[in-house]
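First up is the structure itself, then whatever we jot down about it.
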Amino acid sequence: MDSMATQEAAGTLALALSVAAAASISLNIGKAVQKMKVEVLKKGKAMLKPPHRRDFLIWLFGMSLTFVAGVLVLVAQNLSDKTSLVTSMSGVGLVGLALFSLFVLKERVGPREWASVLLIGAGTSVISYFNVPSAEKLFYAGPMYWCLGAFAVFAGAALLFTKILNRGRAFFYAAIAGMGLGFMNIFYHIGPIVAEGSAMAQFKTAYPWIAFLILGNIGFVMTNLAFFHGTGIVIVPTVNSFLIISPMVFEIFIFGTTLTPMQYAGAGMIVIGVIALTTGGGQSKSASAEPAAGAAPAPSL
Numbered sequence: 021m022d023s024m025a026t027q028e029a030a031g032t033l034a035l036a037l038s039v040a041a042a043a044s045i046s047l048n049i050g051k052a053v054q055k056m057k058v059e060v061l062k063k064g065k066a067m068l069k070p071p072h073r074r075d076f077l078i079w080l081f082g083m084s085l086t087f088v089a090g091v092l093v094l095v096a097q098n099l100s101d102k103t104s105l106v107t108s109m110s111g112v113g114l115v116g117l118a119l120f121s122l123f124v125l126k127e128r129v130g131p132r133e134w135a136s137v138l139l140i141g142a143g144t145s146v147i148s149y150f151n152v153p154s155a156e157k158l159f160y161a162g163p164m165y166w167c168l169g170a171f172a173v174f175a176g177a178a179l180l181f182t183k184i185l186n187r188g189r190a191f192f193y194a195a196i197a198g199m200g201l202g203f204m205n206i207f208y209h210i211g212p213i214v215a216e217g218s219a220m221a222q223f224k225t226a227y228p229w230i231a232f233l234i235l236g237n238i239g240f241v242m243t244n245l246a247f248f249h250g251t252g253i254v255i256v257p258t259v260n261s262f263l264i265i266s267p268m269v270f271e272i273f274i275f276g277t278t279l280t281p282m283q284y285a286g287a288g289m290i291v292i293g294v295i296a297l298t299t300g301g302g303q304s305k306s307a308s309a310e311p312a313a314g315a316a317p318a319p320s321l
């Protein structure tokens, strides 16, 4: 009986990780596509008409991929016993992102960027491999509000820092986006616990709606703001890393769960990878972002 239960748990874990990996790929490519055409948002209503409509539709396609990723994350959180286990899979799509940035966005992806991305991916694999299932699912409301308060203070301080010093916008906007998405995952995880395991009953609570309508939009808006100030190969891994790390910290207080020493080592690898990536000069926008003089305009739709 124990053997069957173990096999069933392993199967559920494998399914959760597979869905989370699919979400990671969809999220990474979706954000990269948005980065590719984010400048069209500056056109205002003109983006809905030729010659800008094509760029807007491409940007909209990228946004739809991030929406699909959000749905997949919700499914994965319902299958998993830890928020951080699902969010740790956010590193899976980084290799695809690096290739997309190199060949499509024409951004510089050198040895430093590749090493950083691979280190983040390795840290992600360590976190997933050394997972230990939780015995029960708990939720503490009081610490949740304190954690939300800490997030609000961090976001406010980061925005004030970028305003006063006029620097670091790409990193801090991406960090706020990642923490917002991290809390989105936490709220997705709270829903089934409050609903006593019912996937449908959770929608009668406020948690999935707060996750989708508020926290998800914080991540969406701040990511696109970051795209105006930096390159995709820096911004998206930074978002992903804060998305991975923040639930690891906050779930200790909100769910009473902890990770193994090896998983914290994996988190350290992710942090080192992000530091290497974001201090390598990639926060400046690529020179290829502007079309070359005399280039033919994009065809109208």
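Under our numbering, the residue at position 90 of the sequence shown is numbered 110, and the numbers go up by one with no gaps. Just so it is clear, CB atoms sit at the ideal spot from N, CA and C, and this is done for glycine as well.
Nearest-angstrom Cα separation, counted from residue j out to residue i
| i | j | result |
| --- | --- | --- |
| LEU37 | GLY141 | 14 Å |
| PHE248 | ILE196 | 15 Å |
| VAL129 | ILE253 | 8 Å |
| GLY143 | THR278 | 17 Å |
| LEU35 | GLY211 | 20 Å |
| ALA219 | LEU92 | 14 Å |
| SER145 | LEU99 | 19 Å |
| PHE159 | ILE213 | 7 Å |
| LYS183 | MET242 | 15 Å |
| ALA285 | MET109 | 16 Å |
| ALA178 | LEU185 | 11 Å |
| PHE273 | ILE265 | 14 Å |
| THR86 | MET282 | 30 Å |
| PRO70 | GLU59 | 15 Å |
| LEU297 | ALA175 | 21 Å |
| SER84 | PHE150 | 33 Å |
Where residue i sits in the DSSP three-state scheme
| i | result |
| --- | --- |
| ASN237 | helix |
| ASN48 | helix |
| SER145 | helix |
| PRO228 | helix |
| ARG128 | coil |
| LEU279 | coil |
| LYS65 | helix |
| HIS209 | helix |
| LEU105 | helix |
| GLY113 | coil |
| ALA307 | Low local confidence applies: a pLDDT of 39 at ALA307 is under 50, so the model's placement there is unreliable, and no value is given. |
| PHE248 | coil |
| MET188 | Residue identity differs from the one stated: residue 188 is Gly in this sequence, not Met. Residue state, collapsed to three classes: coil. |
| LEU158 | coil |
Continuous alpha helix (DSSP H) stretch holding residue i: start and end
| i | result |
| --- | --- |
| GLU59 | GLU59 -> no alpha helix (DSSP H), and no H or E assigned at all. |
| LEU179 | 161 to 185 |
| GLU216 | Counting along the chain, GLU216 falls outside any alpha helix (DSSP H), and DSSP gives it neither H nor E. |
| ALA89 | 73 to 99 |
| PHE150 | From DSSP, PHE150 is part of no alpha helix (DSSP H); its letter is neither H nor E. |
| THR258 | 252 to 274 |
Chain-order list of residues whose beta-carbon lies under 7 Å from that of residue i (same chain, five-residue window excluded)
| i | result |
| --- | --- |
| PRO267 | THR103, SER104, THR107, GLY202, ASN205, ILE206 |
| TRP134 | ALA118 |
| GLY188 | PHE181, THR182 |
| GLY239 | ALA197, GLY200, LEU201, MET204 |
Cβ shell of residue i (< 8 Å), same chain only, five flanking positions each side left out
| i | result |
| --- | --- |
| LEU68 | PHE76 |
Residues near residue i in its chain [Cβ-Cβ closer than 6 Å; skip 5 each side]
| i | result |
| --- | --- |
| LEU245 | TYR193 |
| LEU233 | none |
| PHE262 | ALA195, GLY198, MET199 |
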